[in-house]
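Asks:
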Amino acid sequence: MEFKSRDDARQFYIVYGRHTGFTVRIHHNRRSRVNSLVIGQDFVCSKEGFREKKYACRKDRVLPPPPVTREGCPAMLRIALRDGEKWVVTKFIKEHNHTLMSPSKVPWRGSEKDLISEDDKDRRIRELTLELNSERQRCKRRCAVYKEKLRLVLKDIEQHTDHLSKTVQDIVQNIKELENEDSDS
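Numbering (the numbering used here), first residue to last: 303 to 487.
(1) Pairs of beta-carbons, one from the segment 372–389 and one from the segment 342–356, closer than 8 Å: are there three or more?
(2) Going by DSSP in three states, residue 458 sits in which element: helix, strand or coil?
(3) With DSSP collapsed to three states, give me the class of residue 333.
(4) Can you give me the C-alpha to C-alpha distance between residue 486 and residue 476, rounded to a whole angstrom?
(5) When you compare only the Cα positions, how much space is there between residue 457 and residue 441?
(6) Identify which residue in 328, 483 and 322 has its Cα closest to the Cα of residue 312.
(7) Taking a contact to mean a Cβ-Cβ separation below 8 Å, would you say residue 388 touches residue 306 in this structure?
(8) Report the partner residues of residue 345 according to the DSSP bridge assignment.
(9) With respect to the beta strand (DSSP E) encompassing residue 390, which residues constitute its N-terminal and C-terminal limits?
(10) Check the C-beta distance from residue 324 over to residue 408 and give it rounded, since I have them as a contact under 8 Å.
(11) Using the rule of at least 16 other Cβ atoms within 10 Å of the residue's Cβ for burial, across every protein chain shown, is residue 470 buried or exposed?
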């Protein structure tokens, strides 16, 4: 099975889940090491996995622990980007290890119109990454300019210190000569 975008695949699995009796969440995505683009995505039953023990068995808990919502359900849909343009289903597990809800009881997960598409999110991440790298370069250039200005200021201070030192030595020498003249007379 193929999809034009990750959003189409996500929407398909959400609709499938609603008709079957479960809710869907995004579990994992894989990124290219070359350009950090998402090249794979896992959509899972919302009961996939287990809650970490550190959340369930807290010693400092005031309220009772929340109900168990993760039951290790294996149901999933995995897609991967092929040829840079189409998303292909590479793994589908239909079986659930829990009872399914009636399709009319499946809760809506947020308003569809308010959801930002995964492709838009990725595009925005790429834009912000480029902006951040550009800003980093500008900061490096500014730092280099400030470093050069500081070097020049320190050089001027060193020259001025040398000049003052020479002037003080001349004054000391003149005083010694005057003292010698006074002692001779």
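Backbone N, C-alpha and C define an ideal beta-carbon position, used for all residues, glycine too.
The model shown is predicted, which means the values in this text are computed figures rather than measured ones.
Replies: Judging by the given coordinates:
(1) The segment 372–389 vs the segment 342–356: in contact.
(2) The answer is helix: DSSP assigns residue 458 an H, G or I state.
(3) DSSP places residue 333 in the strand class (E or B) of the three-state scheme.
(4) Roughly 15 Å separates the two Cα atoms.
(5) Approximately 24 Å, taken between the alpha carbons.
(6) Closest in C-alpha terms to residue 312, from the list 328, 483 and 322, comes 328.
(7) It is a contact, given that the beta carbons lie within the stated cut-off.
(8) Note: residue 345 sits in a beta bridge opposite 328 and 379.
(9) Note, residue 390: beta strand (DSSP E), 388–395.
(10) Confirmed, about 7 Å.
(11) Within 10 angstroms of the beta-carbon of residue 470 lie fewer than 16 other beta-carbons, which makes it exposed.
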